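Visitor:
Protein chains in written order, with this note's numbering: chain Y, 86 to 249; chain W, -8 to 89.
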């Protein structure tokens, strides 16, 4: 109880966390249409982590999940870039083919935008968003934990970890 | 002495900045616009994307973005390494006290 904030703060956090995460996801998947993108959306999602950490003083035991999400995002980003190696790295091999994210714009010039376009740009936005949100959440979580803002948990010493 | 050096440095830098401001081209008319025109036309035609900034980030300069993502990854690795939990074994503590 020592690390939690008051009931008012916790209730407001419960209400606000969901719109913040949804707004972050919106920024990520509309990265090829509107201002924003993977980095910005990931930072918005990570801010919800900061809110949870401040209000509740604990974040569960999701360190390994966040670590693997981050590694997964970066790996898939590099793989997506490498698939285009036939012509060049980061070649946009999906755009204009007609499949998922391969649609064509309704018209050149000023147009309302169409979310099923962009090819690798949209997919890479997703991957970068995954990576950035997990990475910034990890940094916030680790720093607040070591500065005494969060309740300590039972830890495994390095030697025991090796044995397991 | 220090004050006079500061005044001279201020005047020199101010002269350079004022000269640059006087010779600046008007807004919206860059000296070389070939690259801008290429990006503005090519992005919608070839990549089918509306957001030119995102197209530059993830297509034309994708390696740059890869570097950014790698920097973030190494930053997280550094934070996790520096702030990791270290529980000293009892044997080690005995050695340290001796």
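Yeah, the Cβ is synthetic: ideal placement off N, Cα and C, and Gly gets one too.
These figures come from a predicted structure and were not determined experimentally.
Residues in the same chain with beta-carbon distance under 7 Å from residue 102/Y, minus the five sequence neighbours each way, listed in chain order, please.
Guide: What you label residue 102/Y is simply residue 17 of the first chain in a count that begins at 1. Cβ neighbours of residue 102/Y beyond the five flanking positions: 133, 136, 137.
Visitor: Three-state secondary structure (DSSP) at residue 162/Y?
Guide: To locate residue 162/Y, count along the first chain from 1; it is residue 77. It is helical.
Visitor: In three-state DSSP terms, what is residue 27/W?
Guide: As a first step, residue 27/W is located in the second chain; it is residue number 36 there, counting from the start. Correct three-state label for residue 27/W: helix.
Visitor: If we require 4 or more residues per run, which alpha helix (DSSP H) segments fall completely within the region 89 to 152 of chain Y?
Guide: Within the region 89 to 152 of chain Y, the complete alpha helix (DSSP H) runs of at least 4 residues are 92 to 114, 123 to 141.
Visitor: Quick test of the definition: if touching needs 3 or more C-beta pairs under 8 Å, does the region 175 to 195 of chain Y touch the region 31 to 48 of chain W?
Guide: Because the criterion of three Cβ pairs below 8 Å is met, the region 175 to 195 of chain Y and the region 31 to 48 of chain W touch.
Visitor: Going by other Cβ atoms of all chains shown within 10 Å of its Cβ, with 16 needed for buried, is residue 225/Y buried or exposed?
Guide: As a first step, residue 225/Y is located in the first chain; it is residue number 140 there, counting from the start. So residue 225/Y counts as buried.
Visitor: Could you tell me the boundaries of the alpha helix (DSSP H) in which residue 55/W lies?
Guide: For the purposes of this step, residue 55/W is taken as the residue at position 64 of the second chain. That run of the alpha helix (DSSP H) goes 53 to 73.
Visitor: When you check each C-beta in the region 16 to 42 of chain W against every C-beta of chain Y, which residues fall closer than 7 Å?
Guide: Flagged, chain order: 35, 36, 38, 39, 40, 41, 42.
Visitor: For residue 209/Y, which of helix, strand or coil comes out of DSSP?
Guide: Numbered from 1 along the first chain, position 124 holds the residue referred to as residue 209/Y. Looking at residue 209/Y - three-state DSSP - the assignment turns out to be helix.
Visitor: Just to confirm my understanding: we take residue 105/Y, look at its own chain, exclude 5 residues before and 5 after, and list those with CB closer than 8 Å. What are they?
Guide: Position 20 of the first chain, counted from the first residue, corresponds to residue 105/Y. Answer for residue 105/Y: 129, 130, 132, 133, 136, listed in chain order.
Visitor: Can you list, in chain order, the residues of its chain whose CB lies under 7 Å from that of residue 121/Y, leaving out five sequence neighbours each side?
Guide: Numbered from 1 along the first chain, position 36 holds the residue referred to as residue 121/Y. Cβ neighbours of residue 121/Y beyond the five flanking positions: 112, 115.
Visitor: If you follow the alpha helix (DSSP H) that residue -7/W is part of, which residue opens it and which one closes it?
Guide: On the second chain, position 2 is the one that residue -7/W refers to. Its alpha helix (DSSP H) spans residues -7 to 13.
Visitor: Between the region 100 to 120 of chain Y and chain W, which residues of the former have CB atoms less than 8 Å from a CB of the latter, in chain order?
Guide: Taking 8 Å as the Cβ-Cβ cut-off against chain W, the residues of the region 100 to 120 of chain Y that qualify are 116, 117, 118, 119, 120.
Visitor: Return the Cβ separation of residue 234/Y and residue 142/Y in integer angstroms, given the expectation that the two are a contact with Cβ distance under 8 Å.
Guide: Position 149 of the first chain, counted from the first residue, corresponds to residue 234/Y. Position 57 of the first chain, counted from the first residue, corresponds to residue 142/Y. Yes, residue 234/Y and residue 142/Y are in contact; Cβ-Cβ is about 7 Å, under 8 Å.
Visitor: Considering only C-alpha positions, which residue in the set 189/Y, 164/Y, 198/Y is nearest to residue 212/Y?
Guide: Taking the first chain and counting its residues from 1, one reaches residue 212/Y at position 127. Checking every option, the nearest Cα to that of residue 212/Y belongs to 164/Y.
Visitor: Near residue 190/Y, what residues of its chain come up, given a Cβ to Cβ distance below 7 Å and the 5 sequence neighbours on each side ignored?
Guide: Taking the first chain and counting its residues from 1, the one referred to as residue 190/Y is at position 105. These residues qualify, in order along the chain: 196, 199, 202.
Visitor: Please state whether DSSP places residue 78/W in a helix, a strand or coil.
Guide: As a first step, residue 78/W is located in the second chain; it is residue number 87 there, counting from the start. Looking at residue 78/W - three-state DSSP - the assignment turns out to be coil, as it is neither helix nor strand.
Visitor: Tell me the rounded alpha-carbon separation between residue 71/W and residue 237/Y.
Guide: Along the second chain, read from residue 1 onward, the residue named residue 71/W stands at position 80. Along the first chain, read from residue 1 onward, the residue named residue 237/Y stands at position 152. When rounded, the distance between both Cα atoms is 16 Å.
Visitor: Just to confirm my understanding: we take residue 126/Y, look at its own chain, exclude 5 residues before and 5 after, and list those with CB closer than 6 Å. What are they?
Guide: Locating residue 126/Y in the first chain gives position 41, where the first residue counts as 1. Cβ neighbours of residue 126/Y beyond the five flanking positions: 109, 112, 113, 214.
Visitor: Using the three-state DSSP reduction, which class does residue 233/Y fall into: helix, strand or coil?
Guide: The sequence position of residue 233/Y within the first chain is 148, counting from 1. Correct three-state label for residue 233/Y: coil.
Visitor: According to DSSP, simplified to helix, strand and coil, what is residue 22/W?
Guide: Translated into positions along the second chain, residue 22/W becomes position 31. Coil at residue 22/W, not helix or strand.
Visitor: Run through chain W and tell me which residues come within less than 7 Å of residue 166/Y, C-beta to C-beta.
Guide: Here the question's residue 166/Y lines up with position 81 in the first chain. Chain W residues near residue 166/Y: 53, 57.
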